[in-house]
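Structure first, commentary second.
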Amino acid sequence: MESFSSLVLSIAATSFVTFQCLFHFVSPWISAQFFPGYHRLSPRHTIEWNSRTVSTLHALIVGLFCLYILLHDDAVNYDPVWGDPSLVKINVAITCGYLLSDMLLICYYWRAIGDKFFVIHHLAALYAYYYVLSTGMLPYFANFRLVAELSTPCVNQRWFFEVLGYPKRSLPNMVNGIAMTASFFLVRIAVMPLYYSRMYAVYGTEPFYRVTFGGRCAWMGPSFCLDIMNVMWMHKMARGCIGVLRSPGKVNVEKLQNGKVH
84 MESFSSLVLS IAATSFVTFQ CLFHFVSPWI SAQFFPGYHR LSPRHTIEWN
134 SRTVSTLHAL IVGLFCLYIL LHDDAVNYDP VWGDPSLVKI NVAITCGYLL
184 SDMLLICYYW RAIGDKFFVI HHLAALYAYY YVLSTGMLPY FANFRLVAEL
234 STPCVNQRWF FEVLGYPKRS LPNMVNGIAM TASFFLVRIA VMPLYYSRMY
284 AVYGTEPFYR VTFGGRCAWM GPSFCLDIMN VMWMHKMARG CIGVLRSPGK
334 VNVEKLQNGK VH
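When we follow the working numbering, the leftmost residue of the sequence shown carries the number 84, and every step to the right adds one.
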């Protein structure tokens, strides 16, 4: 198995340090400057606020890079198993740096943001990305999975509104709820037929058999498990969104315009 290139390791290390700096210094400073409600948060909520701010930034960077690769990287689109993984490796290395940074924060601030599920998720993702970064296998599928990050900003924004005290039927909350449901459906559910049709197309081919057993396990097992959970989450999200839209009561626009909800 090929060793990691110095470029990949450098990008991952730079990503780790950058996201640590964003959490400890940049997010607290910007949040204090532009969000008055930030000062009133409890220590636990302050930690989670900074964590979600970093999560949102990572999701936007990686998600948009994913779309660029899907639209413009002909080598990966032509050969989804062994196509030139150069751009995908850069994107995955950024994500690995973020995952390591986030795991460190989760462990250090366990009482505030500790979650066994996220630790397991991060470890499983790092295991799968190990094969991409070390051998360059399955670049199309690794990149495709990262497109799901584009639903993260709206999920985090929902938490921001909640911790700042915005009513569930406030206009910003409802608009974000609709955007969250729509983005989750588009990047996690609607793309499933395309993802699995490409998987079916390469199954049993010569490039497929060149993928190691461990690589196949890291590719197929998590894909099926994650998409089962995505369908369950989508069902709950859609029910919640429909419930809020159908619930009686008017959107409290006046309070928001007067700045009384923070």
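In this text, a Cβ means the ideal position worked out from N, Cα and C, and glycines have one as well.
> Assuming D167 contacts A158 under a Cβ cut-off of 8 Å, what Cβ separation, rounded to an integer in Å, is found between them?
Replying inline: In this structure, D167 and A158 form a Cβ contact; the two beta carbons are roughly 4 Å apart against a cut-off of 8 Å.
>> Please return the same chain residues whose Cβ sits closer than 7 Å to the Cβ of Y210, not counting the five positions on each side in sequence.
In response: Excluding residues within five positions, the ones whose Cβ falls inside 7 Å are A301.
> Between M315 and K251, what straight-line distance do the alpha-carbon atoms span, to the nearest angstrom?
Replying inline: Answer to the nearest angstrom: the Cα atoms are 22 Å apart.
> Given G197, which residues of its chain have a CB within under 7 Å of its CB, disregarding the five upstream and five downstream residues?
Replying inline: So the qualifying residues of the chain are I189.
> If L221 and G298 are in contact, beta carbons under 8 Å, what's the gap, nearest whole angstrom?
Replying inline: That belief holds up - the Cβ atoms of L221 and G298 are roughly 7 Å apart, short of 8 Å.
>> Just to confirm the assignment: which complete alpha helix (DSSP H) runs, minimum length 4, are found wholly within the stretch 96 to 166?
In response: Segments of the alpha helix (DSSP H) lying fully in the stretch 96 to 166: 110 to 117, 126 to 155 and 157 to 161.
> For S138, which residues from the same chain have a beta carbon less than 7 Å from its beta carbon, with the 5 sequence-adjacent residues on both sides left out?
Replying inline: Counting only Cβ-Cβ distances below 7 Å, and skipping sequence neighbours, we find T235 and N239.
> Touching or not, the stretch 256 to 273 and the stretch 204 to 219, by the rule of three or more beta carbon pairs under 8 Å?
Replying inline: Short answer: they don't touch.
> Are the C-beta atoms of N226 and some chain B residue less than 8 Å apart?
Replying inline: In summary, chain B is missing from the structure at hand, where a single protein chain is found.
>> Please return the same chain residues whose Cβ sits closer than 7 Å to the Cβ of N133, not counting the five positions on each side in sequence.
In response: Here the set comprises F106, S110 and P111.
> When we look at the beta-carbon of K172 and count the other beta-carbons within 10 Å, is it buried (16 or more) or exposed?
Replying inline: With 16 or more Cβ atoms within 10 Å of its Cβ, K172 is classed as buried.
>> Measuring only the C-alpha atoms, how far is V274 from L309?
In response: Straight through space, the alpha carbons of L309 and V274 are spaced by roughly 13 Å.
> So, D162 versus P290, is the Cβ gap smaller than 8 Å?
Replying inline: Contact flag set, yes.
> With 16 other CB atoms within 10 Å as the buried threshold, where does G287 fall?
Replying inline: The residue is exposed, with fewer than 16 neighbouring Cβ atoms inside 10 Å.
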